[in-house]
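Here is the structure we will look at, set down as structure tokens.
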Amino acid sequence: MAVNMTGTFLCAREAARVMIASKRAGSIVNVASIMGLSGGGLYPNVSYQTTKGAVVNMTRALAVEWAPHGIRVNAVAPTYVRTPFIATLLEQPELMRRIEEMTPLRRLAEPEDVASAILYLASAASGMVTGHTLLVDGWLPCAVEAWLRQELAADSLRKCFQHSGRTVGLVNTVLDHFRGRRVMTLMLRRSWRC
Numbered sequence: 026m027a028v029n030m031t032g033t034f035l036c037a038r039e040a041a042r043v044m045i046a047s048k049r050a051g052s053i054v055n056v057a058s059i060m061g062l063s064g065g066g067l068y069p070n071v072s073y074q075t076t077k078g079a080v081v082n083m084t085r086a087l088a089v090e091w092a093p094h095g096i097r098v099n100a101v102a103p104t105y106v107r108t109p110f111i112a113t114l115l116e117q118p119e120l121m122r123r124i125e126e127m128t129p130l131r132r133l134a135e136p137e138d139v140a141s142a143i144l145y146l147a148s149a150a151s152g153m154v155t156g157h158t159l160l161v162d163g164w165l166p167c168a169v170e171a172w173l174r175q176e177l178a179a180d181s182l183r184k185c186f187q188h189s190g191r192t193v194g195l196v197n198t199v200l201d202h203f204r205g206r207r208v209m210t211l212m213l214r215r216s217w218r219c
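If you want it as structure tokens, here you go:
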């Protein structure tokens, strides 16, 4: 909490003080995380997710508060970035495989990916952008959400078939087929009125 929330706030506040005192517009870019936009996932860490979520909302609040001074406040929310920070995760090949498979771009972010996003938000190219959190994630949250919906649908179908006395093996075969193709469909769920 001291680094992710308090440290981010103190740095932003000091930068804004200098900008306001000099009557110069400026840009502040906070570093959040996609984990600040989710509640769990493949590697849950409640304290990290909570503090990064606070950075997302603090960014919005500061953007509104400092906009009259011409100060834009945005954030980047990276996915897993190939740095020493995730060294323990990199040592888990199965977890890394799952993360890369669930990410539509099929790779982890590199530090340059995040730096480029920060550069954009700090530059005049984003002159009308404030209060925004830019995801630098290869669209991982979308994939995770689809996976969770798929698992929930699978569970619902199994309960439906068990309840109605039908063959559970058939459902598992169908669901395995859809999982293998990474397709989330609600058609199966809707076609069976359980």
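Take the sequence shown: its position 80, counting from 1, is numbered 105 in the numbering used here, and each next residue is one higher. Ideal Cβ placement from N, Cα and C applies to all residues, glycine included.
Problem set entry | Cα-Cα separation, threonine 198 to threonine 108 | Here residue 198 corresponds to residue number 173 of the sequence shown, with the count starting at 1. Here residue 108 corresponds to residue number 83 of the sequence shown, with the count starting at 1. With a pLDDT of only 44 at threonine 198, under 50, the local geometry of the prediction cannot be trusted, and no value is derived from it.
Problem set entry | Of the residues Ile96, Ile111, Ile124 and Ala134, the one placed nearest arginine 152, counting alpha carbons only | As a working mapping, residue 152 is identified with position 127 in the sequence shown. Inspection of the sequence shows that residue 152 is occupied by glycine rather than by arginine. Nearest neighbour of glycine 152 by Cα position, chosen from Ile96, Ile111, Ile124 and Ala134, turns out to be Ile96.
Problem set entry | Euclidean distance between Cα positions of leucine 146 and valine 43 | Counting from 1 along the sequence shown, the entry for residue 146 is found at position 121. Counting from 1 along the sequence shown, the entry for residue 43 is found at position 18. Their Cα atoms are separated by approximately 19 Å.
For this session: Run the CB neighbour count on leucine 7, radius 10 Å, all protein chains shown included, and call it buried at 16 or more, exposed below.
Result: Outside the modelled stretch of the chain, which goes from 26 to 219, sits residue 7, for which no answer is possible.
Exercise. What is the C-beta distance between isoleucine 59 and alanine 86, in whole angstroms, given that I count them as a contact (C-beta under 8 Å)?
Worked result: Start at 1 with the first residue of the sequence shown, and residue 59 comes out as number 34. Start at 1 with the first residue of the sequence shown, and residue 86 comes out as number 61. Wrong, their Cβ atoms sit about 20 Å apart, outside the cutoff.
For this session: Would you kindly work out how many angstroms separate the C-alpha atoms of arginine 123 and alanine 50, rounded to a whole number?
Result: The count along the sequence shown starts at 1 and reaches residue 123 at position 98. The count along the sequence shown starts at 1 and reaches residue 50 at position 25. Cα-Cα distance, rounded: 43 Å.
Exercise. Can you name, in chain order, every residue of its own chain whose Cβ lies under 8 Å from the Cβ of isoleucine 45, other than the five neighbours on each side?
Worked result: Reading the sequence shown from its first residue, position 20 is the one you call residue 45. Trp91, His94 and Ile96.
Problem set entry | Where proline 103 falls: helix, strand or coil (DSSP) | For the purposes of this step, residue 103 is taken as the residue at position 78 of the sequence shown. Strand.
Exercise. Roughly how many whole angstroms lie between the Cα atoms of methionine 30 and glutamate 39?
Worked result: Reading the sequence shown from its first residue, position 5 is the one you call residue 30. Reading the sequence shown from its first residue, position 14 is the one you call residue 39. Taking the straight line joining both Cα atoms gives about 14 Å.
Problem set entry | Residue nearest to asparagine 82 in terms of C-alpha spacing, selected from Trp164, Gly156 and Leu160 | By one-based count along the sequence shown, residue 82 stands at place 57. Of the candidates Trp164, Gly156 and Leu160, the one whose C-alpha sits nearest the C-alpha of asparagine 82 is Gly156.
Problem set entry | Inside the region 39–112 only - alpha helix (DSSP H) runs reaching at least 4 residues | 71–91
Exercise. If you run the structure through DSSP and keep just helix, strand and coil, what is valine 154?
Worked result: As a first step, residue 154 is located in the sequence shown; it is residue number 129 there, counting from the start. In the structure shown, valine 154 sits in coil (DSSP, three-state: anything other than H, G, I, E or B).
Exercise. Mapping DSSP to helix, strand and coil, what is leucine 133?
Worked result: Residue mapping note: residue 133 aligns to position 108 of the sequence shown, counting from 1. Residue state, collapsed to three classes: coil.
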